[in-house]
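Numbered by the numbering used here, the letters in the sequence shown go through residues 1 to 380 in order.
The beta-carbon is built from N, C-alpha and C at its ideal position, and this holds for glycine as well.
The structure presented is a predicted model; accordingly, all values stated were derived computationally and were not measured.
One structure below.
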Amino acid sequence: MNQSDLIARFHSRYACAAAFVARAPGRVNLIGEHTDYNEGFVLPMAIDRDVTIVGAPRQDRIVRLYSADFDQESTFSLDAITPEPAAPWSNYMRGVAAMLQNDGLALRGFDGVVSGDVPIASGLSSSAATEMATVMAFCAASGQSIDRVRAAQLSQRAENQFVGVNCGIMDQFISSLGRAGHALLIDCRSLGYELAPLPAGVTVLVVDTTAPRTLAGSAYNQRRRECEEGARLLGARSLRDVSVQEFERRRDVLPDVVARRCAHVIHENQRVLDAVAALRRNDLSAFGALMNQSHDSLRDLYEVSSAELDAVVDIARGEAGVHGARMTGAGFGGCAIALVDDDAAAALADRIAVEYPRRTGRAPNIYPCAASDGANWTAV
Ligand code: GLA
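Have a look at this one:
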């Protein structure tokens, strides 16, 4: 639903004028997978798909939300915030309210209509977009401002502690701090960051495998544990502290599975830094080769890819104008991305639309994406 439809929807539902539009984008990660919770490096970009909240402040401490996508209303008081199993979409928003308040922000209630075009449960971070849009809505309704890194940290905390998903910081961070035309190098230990301009003339083609992500939660947590064990056995605070050279010298002290998980993370950190250097010298073929290596490592060493993700990557790599292709996000289904020349993007999409169903029996959803700005709000 576009912004003016949403404003009209707010008006007809709540019989008053909207005061603000808050929005936050989903993301894809270009490279640096499963490194954020190892205090390493990531290189995501915000995409041109958002969660939007149209709202108006209230005089009391009630938050009344209507999800246009789920056609459901959910209301809570800022004085007693609890999860609502009957409206799971609202829990990301309730969680953010709780964390903002715990952090000392004085919140006011608001009425809001929520809608998004970030595909849900596809690995494009619709949950982080919902959280960051909620931060913006509370800032707008309460006349508050918040540091953008802090906003990402509190949104992550909402997801970890209130929703109960043990994610890293990447998704919330890029939804908060993305910039049009740029990817963002994030140091997930210091939370320092640096914009990296994306070259003109290329598109990021996002392909949703539409395969169910059943294992995602449990396997994600298991990978985290394996990394922690690896760091412990290597005597490091985290895998971030282990260089490629040191790891290759000492990997024999690790059990085989742990060694393979660590190999992925440690080499992936280096690949992110190399990829940023490649971007800065406009070397798309080097950048694409690193994307390919990242995927192969996630498939063979970290073991979080899937037959469907591998199929997309395999099809894309054979096509003209493609610099590189890999899975993006946690894995176990979800989306793959291809970095492709603008003038070859349509042919690539057509090819995947024909070949992917033939190989997998599933229909893909294909989204050409542009790097976009992070969360913000504007007065109506
Ligand atoms: C999910 C998590 C992120 C990150 C990625 C893997 O998207 O939410 O924090 O760990 O998986 O890179």
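Starting from the C-beta of residue i, find all residues in its chain whose C-beta is less than 6 angstroms away, skip the five residues before and the five after it, and write them out in chain order.
i      : result
Ala338 : Leu205, Ala316, Val322 and Ala325
Phe173 : Ala152 and Ile186
Ile120 : Ser126
Val149 : Leu191
Among the options, which residue has its Cα nearest to the Cα of residue i?
i      : options                           : result
Asp50  : Thr360, Thr134, Ala15 and Leu239  : Thr134
Ser176 : Ala24, Ser4, Tyr356 and Pro357    : Ala24
Gly164 : Leu65, Tyr92, Gly331 and Asp208   : Tyr92
Tyr220 : Ser305, Ala80 and Ala97           : Ser305
Asp71  : Ala278, Val114, Tyr193 and Leu290 : Val114
Gly168 : Arg362, Val354 and Gly329         : Gly329
Leu230 : Thr210, Val257, Ala211 and Ala141 : A small fix is needed here, since residue 230 is Gly in this sequence, not Leu. Looking at the Cα atoms, Val257 is the closest of the given residues.
Asn102 : Arg157, Met45 and Val207          : Arg157
Gly104 : Ile146, Gly331, Ala140 and Met45  : Ile146
Ser372 : Arg13, Asp5, Ala46 and Arg9       : Ala46
Using the beta-carbon count (16 or more within 10 Å), is residue i buried or exposed?
i      : result
Gln383 : Any question about residue 383 goes unanswered here, given that the chain covers just 1 to 380.
Val265 : buried
Cys16  : exposed
Asp36  : buried
Ser67  : buried
Asp111 : buried
Asn282 : exposed
Thr214 : exposed
Ser294 : buried
Glu159 : buried
Ala307 : exposed
For residue i, which residues in the same chain have their Cβ closer than 8 angstroms to its Cβ, ignoring the five residues on either side in sequence?
i      : result
Val380 : Ile7, Ala17, Ala18, Ala19, Phe20, Val21 and Val54
Pro85  : none
Val28  : Pro44, Met45, Ile47, Leu124, Val204, Val206, Thr328, Gly329, Cys335, Ile337 and Cys369
Give me, in chain order, the residues of the same chain whose beta-carbon lies closer than 7 angstroms to that of residue i; leave out the 5 immediate sequence neighbours on both sides.
i      : result
Arg250 : Leu234
Val276 : Leu43, Leu185 and Ala196
Ile31  : Leu43, Arg271, Val272, Ala275, Leu290, Met291 and Ser294
Arg189 : Glu39 and Arg240
Can you find a CB in chain C that lies within less than 8 angstroms of the CB of residue i?
i    : result
Arg9 : Any reference to chain C falls outside this structure, which holds one protein chain only.
Review point. Any residues whose CB sits closer than 5 angstroms to a heavy atom of the ligand GLA? List them in chain order?
Key: Glu33, His34, Asp36, Cys167, Gly168, Met170, Asp171, Gly329 and Ala330
Check your understanding: Taking only runs of the alpha helix (DSSP H) that begin and end inside the stretch 92 to 154, which ones reach a length of at least 4 residues, in chain order?
Key -> 126 to 142
Check your understanding: Enumerated in chain order, which unbroken segments of the alpha helix (DSSP H) with a length of 4 residues or greater are wholly contained in the stretch 149 to 228?
Key -> 170 to 177
Check your understanding: Fully enclosed by the stretch 58 to 92, which beta strand (DSSP E) runs are 3 residues long or longer?
Key -> 62 to 67 and 72 to 77
**Study point:** Minimum length 4: unbroken alpha helix (DSSP H) runs contained in the stretch 270 to 342
**Key:** 284 to 300 and 307 to 317
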